[in-house]
Amino acid sequence: MKFFVICSVVIMGITLELEAVPTPSQLQLEENAIINSGWWNRSESVASRNICSWYGMSCNVAGSVTRINYGFYTPGIRLATLNLSAFKNLEWLEVSNCGLQGTIPSDIGNLPKLTHLDLSHNSLYGEIPPSLANLTQLEFLIISHNNIQGSIPELLFLKNLTILDLSDNSLDGEIPPALANLTQLESLIISDNNIQGSIPELLFLKNLTVLDLSYNSLDGEIPPALANLTQLQRLIISYNNIQGPIPGELWFLKNLTVLDLSYNSLDGEIPPALTNLTQLENLIISHNNIQGSIPQNLVFLKSLTLLDLSANKISGTLPLSQTNFPRLIFLDISDNLLSGSLKPLSVGNHAQLTSIYLRNNSISGKIPPELGYLPFLTTLDLSYNNLTGTVPLSMQNVFNLRLSFNNLKGPIPYGFSGSELIGNKGVCSDDFYYIATHQFKRCSAQDNLVVMAGSNKVRHKHNQLVIVLPILIFLIMLFLLFVCLRHNRIATKNKHANTTAATKNGDLFCIWNYDGSIAYEDIITATEDFDMRYCIGTGAYGSVYRAQLPSGKIVAVKKLHGFEAEVAAFDESFRNEVKVLSEIKHRHVVKLHGFCLHRRIMFLIYEYMERGSLFSVLFDDVEAMELDWKKRVSIVKGTAHALSYLHHDFTPPIVHRDISASNVLLNSDWEPSVSDFGTARFLSIDSSYRTIVAGTIGYIAPELAYSMVVSERCDVYSFGVVALETLVGSHPKEILSSLQSASTENGITLCEILDQRLPQATMSVLMEIVSVAIVAFACLNANPCSRPTMKSVSQCFLTQLTPLDIPLREISLQQLMSQELRHYLNL
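Per mature numbering (1 follows the signal peptide of the UniProt record, and there is no 0): the sequence shown = residues -20 to -1, 1 to 807.
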């Protein structure tokens, strides 16, 4: 009996071994399938008859294909031309973002060892074949960003599935309750479809960390049973038609970092129990019918970076002064029924805030000056409220300020454009432009004295200064007003006398956003009539000079080349840069102090960036070593935030068209600012602009080689180059060439291409570097439609990273370009 058992075991082992070793006919079948598909016809690797050495192919020791990672963008190829039944040992099939068309063939179910299937970002249509249920070893199933129709199959037998991503298709029907049997599932993403019905309870998905059902037509209520998914980190059900209250049971989701229930029909109040979600980073419940007040114990959400409760019916007062949100970056409670006054807040408790939106409420009282002292605040929108009093001087620190349609009074503070205060009947101005265009009343002497006295009382609190200083300033303002009126009268007279000459040669236009004391003569004197000794850079449209003003302040002066000042194209570029920069207010966009436009000379005055351009710093070995990994990551993030603002938060959106390392300037604290808007364009409604190609060689998006249509995706590509250049330490031309020819070697790791002048990064910093690299390669996608938007990149950089399962120092360039890592960053 014992002998019989031993013989049986030996025979079974031999049988399994024979099954594992492919026969010559099997290998020939695989080779024929690869060659006859025609997919690799354009690849240089076809010169070798060994298909295992072809790009994107991996084989086992016996020579049988185990992995196909097709990386060419080849519009029109079809899965049907690849005989999938030939690959009995195939474990990995990734054909994402390559122009794939047609349907998913049923023989895809004949891959018994397949664990990874990624067909995302293509043009596939038809239904998901039922034969997919035969892939019992499958762990990753990603068919997102296609045009797949029909309903979601039940996939009952895919017990090993951990990631299921069917997002951005045309799927309909309901979510099959049988999905709850996929007990190993960690990520379920069915967003951007036409799914209807209610949300199933999904009771058995104990390992689920991501549930994204957004942008569908789901109705019914949020099932309280979702609270059983205790490993859940991201719950996104936005843009549906979900009704009813927010279940208080959600507080059991202790690991939740993102809760997005926006754009639904939820009612009731915000459950106080939600404040027990101490890991929560993003809480988004905007555009619902939520009532009641904001829970006081919201203060316990110390990890919050984004809080959006806008467009609801929330009432009561804003408990901002009583909260402590040390990580909060974005706050939006606009379009609600908030009342009461804004209490002074602790700057230290809200030090990371960059954006505050409280518009369209019933907030009254004065504007707390403390808001203007938040160190990173770039946007403050308090418009359409009942605020009173004058505008605190500290508001000059806020780049994007909106105070329109309140009950504010007093003169427009210096440095304001006037548009921030439209609709405040008590606001006055001495500027005829503001009076004419915004219907502000003209300031009386009492208006000026009241505001000056109040501001000086706050600043000095000395009775003598309160009396003497306002009078002195008032007299100076009267004198300046007289000079301006006289200048305007002369200019108007000259303009009417010779309109044709003025149009041809240009008038002298000067606006000074700086301190009112910069004069034309000061610039000429400071640069010794633009002597080359003061020149710190030369670009396509002019040279930049360093100028120290009589006050001791240093500014940068960009002067158009002399022979170009009379050329219409350069005149247009100059006027365009002035128009763009005079309206942009962002901490990572270079600040324009003033300009001069004349038939003989044109120049702009910028804030001076002490460190120069990112390009020059990377080129210099000493400065490059000073630019450590943390600073480099911060520079990439700051640049991303600036471009996100230009593309998505500025009206109308702006495409820069010339993002390069030379146009990212650094101040003394290594903070970046995007510069050189000479080629920038305001985008029309269709978000594109047909024009001649502009930009710097090496940074221009590849599609511009055959298309004249410029969109914000061109900036995204250029940003990807800059981000990669920042990590590599020089222009990544070899890497870009390999991407375009799809010849990136599998073995090259990220650590091998990083700037070798710097020491190895710590693991925490390396995690940040990896995220920047993933973003960079996503932005460098050859297909413009597959690149992320700058808004998604910016939001990605604001989200706290979770550890990767892959050893960071072993991550290859191929992995950085994979869809899995893009999903990891939600790009």
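Note that CB positions come from ideal geometry on N, CA and C, so glycine has one too.
- Taking a C-beta distance under 8 angstroms as the contact criterion, Leu308 and Gln332 qualify as a contact pair.
- Annotation: Ser33 to Ile216 spans about 42 angstroms, alpha carbon to alpha carbon.
- Here the C-alpha atom of Gly200 lies approximately 12 angstroms from the C-alpha atom of Asp247.
- Rounded to the nearest angstrom, the Cβ distance from Pro109 to Ile88 is 6 angstroms, consistent with a contact under 8 angstroms.
- Within its own chain, the residues whose Cβ lies closer than 7 angstroms to the Cβ of Ala753, once the five positions on either side in sequence are excluded, are Leu707, Leu730, Leu796, listed in chain order.
- Here the alpha carbons of Ser5 and Ser614 stand approximately 56 angstroms from one another.
- If you draw a straight line from the Cα of Phe52 to the Cα of Cys78, it is about 6 angstroms long.
- Leaving aside the five residues that flank Met743 on each side, the residues in its chain whose CB is nearer than 8 angstroms to its CB run, in chain order, Leu788.
- Closest in C-alpha terms to Leu281, from the list Gly272, Val45, Leu289, Gln259, comes Gln259.
- By the neighbour-count criterion, in which 16 or more other beta carbons inside 10 Å mark a residue as buried, Leu584 falls on the buried side.
- In the three-state reduction of the DSSP assignment, Val570 falls in the coil class.
- With 16 or more other Cβ atoms inside 10 Å of its own Cβ, Thr237 counts as buried.
- Under the three-state reduction of DSSP output, Trp231 falls in the helix class.
- Annotation for Arg47: the continuous beta strand (DSSP E) segment containing it runs 45 to 49.
- Out of His621, Lys421, Asp240, the CA that lies nearest to the CA of Gly406 is found in Lys421.
- Under the three-state reduction of DSSP output, Gly709 falls in the coil class, being neither helix nor strand.
- For Val644, the enclosing beta strand (DSSP E) covers residues 644 to 646.
- Under DSSP, Thr729 takes part in a beta bridge, and its partners are Ser792.
- Collapsing the DSSP output to three states places Tyr514 in a helix.
- Under the DSSP assignment, Pro652 falls in the beta strand (DSSP E) whose first and last residues are 652 to 654.
- If you draw a straight line from the Cα of Tyr625 to the Cα of Met770, it is about 8 angstroms long.
- When secondary structure is reduced to three states using DSSP, Tyr586 falls in the strand class.
- Met512 has its alpha-carbon roughly 13 angstroms from the corresponding atom of Ile504.
- Counting only the Cα atoms, Ile179 lies some 11 angstroms from Ala160.
- Counting along the chain, Asn380 sits inside the beta strand (DSSP E) bounded by residues 380 to 382.
- Put simply, of Asn256, Gly224, Tyr500, Thr142 the residue whose alpha carbon is nearest the alpha carbon of Ile122 is Thr142.
- In the displayed model, Phe599 falls within a helix according to three-state DSSP.
- Two segments are said to touch when three or more pairs of C-beta atoms, one from each, lie closer than 8 angstroms; by this definition the segment 216 to 230 touches the segment 178 to 195.
- By the neighbour-count criterion, in which a residue is buried when 16 or more other Cβ atoms sit within 10 angstroms of its Cβ, Gly153 is exposed.
- DSSP lists no beta-bridge partner residue for Ala758.
- Val755 and Asn114 have their C-alpha atoms spaced approximately 35 angstroms apart.
- DSSP places Tyr500 in the helix class (H, G or I) of the three-state scheme.
- Less than 8 angstroms separates the beta-carbon of Ser245 from that of Gln223.
- Check the Cα spacing between Ser100 and each of Leu62, Leu144, Leu135, Ser86: the tightest is with Leu144.
- Counting only the Cα atoms, Ser86 lies some 52 angstroms from Pro739.
- Residue environment: Val45 is assigned as buried (16 or more neighbouring CB atoms within 10 Å of its CB, all protein chains considered).
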